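Protein chains: 2
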Amino acid sequence: MTAIEHFWAVIPAGGAGTRLWPLSRSSSPKFLRDLTGSGRSLLQETYDRLAPLCEDRFLVVTGRAHRDAVGEQLEALSAQSILAEPSARDSMAAIGLAAALLERTDPDAVMGSFAADHVIGDVEAFGECVRTAVGVAREGWLVTLGIEPTFPSSAFGYVHVGDPLPGHPGASRVLEFVEKPSVSVAEGYLATGHFRWNAGMFVVRPGVLLDLLAASDPDFAAALREIAADPSLLEERWPALPKIALDHAVAEPAAAAGRVMTVPASFGWDDIGDFDSLTTLLEDDTRSGATVLGDETLVRMLDASGLVIPQGGKVIAVIGLDDVVVVDTPDALLVTTRARAQDVKQVVSELKQSRPELT
Amino acid sequence: MTAIEHFWAVIPAGGAGTRLWPLSRSSSPKFLRDLTGSGRSLLQETYDRLAPLCEDRFLVVTGRAHRDAVGEQLEALSAQSILAEPSARDSMAAIGLAAALLERTDPDAVMGSFAADHVIGDVEAFGECVRTAVGVAREGWLVTLGIEPTFPSSAFGYVHVGDPLPGHPGASRVLEFVEKPSVSVAEGYLATGHFRWNAGMFVVRPGVLLDLLAASDPDFAAALREIAADPSLLEERWPALPKIALDHAVAEPAAAAGRVMTVPASFGWDDIGDFDSLTTLLEDDTRSGATVLGDETLVRMLDASGLVIPQGGKVIAVIGLDDVVVVDTPDALLVTTRARAQDVKQVVSELKQSRPELT
């Protein structure tokens, strides 16, 4: 796989992953954890799959609290490749700042934005997909990778795909982005064959992204460009930036204006939204009756199945419970079921009040 | 409550309580643990309820490994009040040795044998019941306390009650002891009103007990009396003693010979056979949705119920599971349901091979 000239990988590394508590904490978020048993964190795996495409052209945007951890996990990165946000201001500010910096650094840059906590199955297919998207983006389009939906999920937004783009095999127009639908609406989407999951993977020239932003919020785009021109302004200007997702600030209005293309992606994708999807992801090893993330010799299952994570180092015995989720850590233990995995966030929300040091 | 003259309390303190693993271990068995949240171990509670009846006339029979722990928990006991068995040889040897010693110590002795790991609700009613039993036993009968059955249990043996004993209000003949029945057979027992649970609580003159044993196994009775006469023989003779329960060695043949009486007992009794019965025992406190043995502030229940034991000191969150059992200790964690509580012993049996230090 050869590198793509002037291609820059932007990696927003944020989000606490509260639905993966107590494995993921605000002090030790999802992207810094090895959730696949590969020996590499999700951030490191994201880096590993992009490095062949962008060489050393990385910008990781993360919170100040995680700057050191990111630097330790990605030793090959230079200090300038890690941008530390003074505070969390959602994805438009984070990715927009990266765009504004790249616009000044490399006039021929095409950037691709990829979250630090996603899992991708076929890395080669991913690379080819990005290569196609970069080709389309060079012509001034905002390009989104359209993930092939494998089931009618109500947890993701969708991309509504229109006609093919002439001259770019595989690329098609995006008619609109649609918010997370109900399962029955999602079933309708899948039946048409014209909808794909929106994984927030955007490929675009930095100036195009900022100009699209300027069309809907000129002050926001101007502020990002001013900070890039004079980084000493960061501290002062950052807190006033709008807290908005890139999808809402740019992608949706740009689609309405006919400025967005999609490249279909069938490389196996997962954002590990909760312990249910983590179980599915890890599920091939069923030797002990459980899916185990960690030391399998610690687990005893008797008429039981599900996910067991023995991070506390102790023996865990489960009897007579199917599709259970047991996550043991040194200071907190979660016991639930795959079906109730989404409700972990409710417990975390309560603990933020009563025991904030555990969240 | 006044003491009963010449009444001796014999407390066999043995059994690992494997169905209460990982709370109970062979190194830290059930009787040494506080399982009721009272601040006193089951052994200490057994002592507390007997001391008003027997003053300092105690004999605790335990394994060598637990002699020091028993002495520490029962500081008021003299060293001679604790008999350490060289090895576990079941209840006939343990209680029979106590009988043989008492036969020599106090010619007017009546002994009562009460396991160290049972829970009794109404201590005053228990005391009155023992007092009645001692009166009957003085006349040469083997007396068993007949526990009023509260449900058709298949986990206990039963006492089949016959005609009242003239001159002793409340005492009746025992027709037979029956082994643990099926639930449907137990339902039949309860319907007759003539069956009671056998909790292994026997009250008897030491010489009567040994003579009854001698009727079925003269060598066994002779060996116990020889050891009592010359304690230096203990080490040599003990390993050759039969490994048999008092119920089989004495109570069943004595009942067949018309030598056993029962005194009905309605004082609330539980042998805490597993985590299901422990839950029932503790169940009045449902403030957090869980029955908690330990620090209730550590437990978070969301649409969940059951027993949670946070002995590891960490926060435990349970979501969407009813009648669950979660027992967290520093080196082992059990997750099961009340319905499967009996199967804990299967896991312990496997761990005895793979991780004996945890059992």
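Heads up: the protein sequence lines correspond to chains A and B, in order.
For the first sequence, this note's numbering assigns the number 1 to the initial residue and increments by one for each residue that follows.
For the second sequence, this note's numbering assigns the number 1001 to the initial residue and increments by one for each residue that follows.
Positions of the beta carbon are idealized from the N, C-alpha and C atoms, including for glycine.
These figures come from a predicted structure and were not determined experimentally.
{"Asked": "C-alpha distance - G1306 of chain B paired with R1338 of chain B, whole-angstrom precision", "Found": "7 Å"}
{"Asked": "Range of the contiguous beta strand (DSSP E) that encloses E953 of chain B", "Found": "Within the shown structure, residues of chain B are numbered from 1001 to 1359, placing residue 953 of chain B beyond reach of any answer."}
{"Asked": "Touching by the beta-carbon criterion (3+ pairs, under 8 Å), the region 1256-1268 of chain B and the region 1119-1133 of chain B", "Found": "yes"}
{"Asked": "Chain A residues whose Cβ lies nearer than 8 Å to that of Q1311 of chain B", "Found": "By Cβ distance, chain A contributes nothing, its closest Cβ being about 11 Å from Q1311 of chain B, past 8 Å."}
{"Asked": "V1326 of chain B: contacting residues in chain A (beta-carbon distance under 7 Å)", "Found": "V335"}
{"Asked": "Span of the beta strand (DSSP E), counted from its first residue to its last, around S113 of chain A", "Found": "V110 to S113"}
{"Asked": "C-beta neighbour in chain B for E357 of chain A, strict 8 Å", "Found": "no"}
{"Asked": "Sequence-distant residues of its chain with Cβ nearer than 6 Å to V250 of chain A (five each side left out)", "Found": "L212 and L213"}
{"Asked": "Local conformation of W141 of chain A per DSSP, three classes", "Found": "coil"}
{"Asked": "Limits of the beta strand (DSSP E) - the one that A265 of chain A falls within", "Found": "V260 to A265"}
{"Asked": "Beta bridge counterpart(s) of D1328 of chain B as assigned by DSSP", "Found": "B:P1310 and B:L1333"}
{"Asked": "Contact list for the region 330-354 of chain A against chain B, Cβ threshold 8 Å", "Found": "P330, D331, A332, L333, L334, V335, T336, T337, A339, R340, D343, V344, Q346, V347, E350 and L351"}
{"Asked": "Cross-chain neighbours of L212 of chain A in chain B, by beta carbon under 9 Å", "Found": "Correct list: empty, because the minimum Cβ distance to chain B is about 42 Å."}
{"Asked": "8 Å CB neighbourhood of R1040 of chain B in its chain, flanking five on each side removed", "Found": "D1034 and D1048"}
{"Asked": "Close Cβ partners of R104 of chain A (< 6 Å) along its chain, the five nearest in sequence each way excluded", "Found": "A228"}
{"Asked": "Extent of the continuous beta strand (DSSP E) to which P1218 of chain B belongs", "Found": "Here P1218 of chain B belongs to no beta strand (DSSP E); instead the alpha helix (DSSP H) covers P1218 to A1229."}
{"Asked": "Within chain A, the residues that G1320 of chain B reaches when beta carbons sit closer than 8 Å", "Found": "T336, T337, A339, R340 and D343"}
{"Asked": "Counterpart residues of T1297 of chain B in DSSP-defined beta bridges", "Found": "BP columns for T1297 of chain B are empty, so no partner."}
{"Asked": "Cutoff 8 Å: A317 of chain A Cβ touching any chain B Cβ", "Found": "yes"}
{"Asked": "Cβ-based burial, E124 of chain A [other Cβ within 10 Å; buried from 16]", "Found": "exposed"}
{"Asked": "Chain B within 8 Å of L302 of chain A, Cβ atoms only", "Found": "yes"}
{"Asked": "Secondary structure of F1031 of chain B, DSSP reduced to three states", "Found": "helix"}
{"Asked": "Euclidean distance between Cα positions of V348 of chain A and I1082 of chain B", "Found": "51 Å"}
{"Asked": "Chain A contact for K1314 of chain B (CB, 8 Å cutoff)", "Found": "yes"}
{"Asked": "Opening and closing residue of the beta strand (DSSP E) in which F1202 of chain B lies", "Found": "F1195 to V1204"}
{"Asked": "Collapsed DSSP secondary structure at R1355 of chain B in the structure displayed", "Found": "coil"}
{"Asked": "Residue interval of the beta strand (DSSP E) (run including L1074 of chain B)", "Found": "Taken as a continuous stretch (DSSP letters only), L1074 of chain B belongs to no beta strand (DSSP E), as it is neither H nor E."}
{"Asked": "Backbone secondary structure at E176 of chain A - three-state DSSP", "Found": "strand"}
{"Asked": "Neighbourhood of A84 of chain A by C-beta distance below 6 Å, restricted to the same chain and skipping five residues each side", "Found": "R64 and R67"}
{"Asked": "Between the CA atoms of A1116 of chain B and V1161 of chain B - distance to the nearest angstrom", "Found": "26 Å"}
{"Asked": "Nonlocal neighbours in the same chain, by C-beta distance under 6 Å from D271 of chain A, ignoring five residues either side", "Found": "H118"}
{"Asked": "Nearest-angstrom Cα separation, counted from G96 of chain A out to F7 of chain A", "Found": "16 Å"}
{"Asked": "Sufficient close CB pairs (3 or more, under 8 Å) joining the region 1297-1314 of chain B to the region 316-324 of chain A", "Found": "no"}
{"Asked": "Three CB pairs or more closer than 8 Å across the region 143-151 of chain A and the region 182-201 of chain A", "Found": "yes"}
{"Asked": "Those residues which DSSP pairs with T1062 of chain B across a bridge", "Found": "B:A1013 and B:A1084"}
{"Asked": "C-alpha distance - E1179 of chain B paired with G1200 of chain B, whole-angstrom precision", "Found": "12 Å"}
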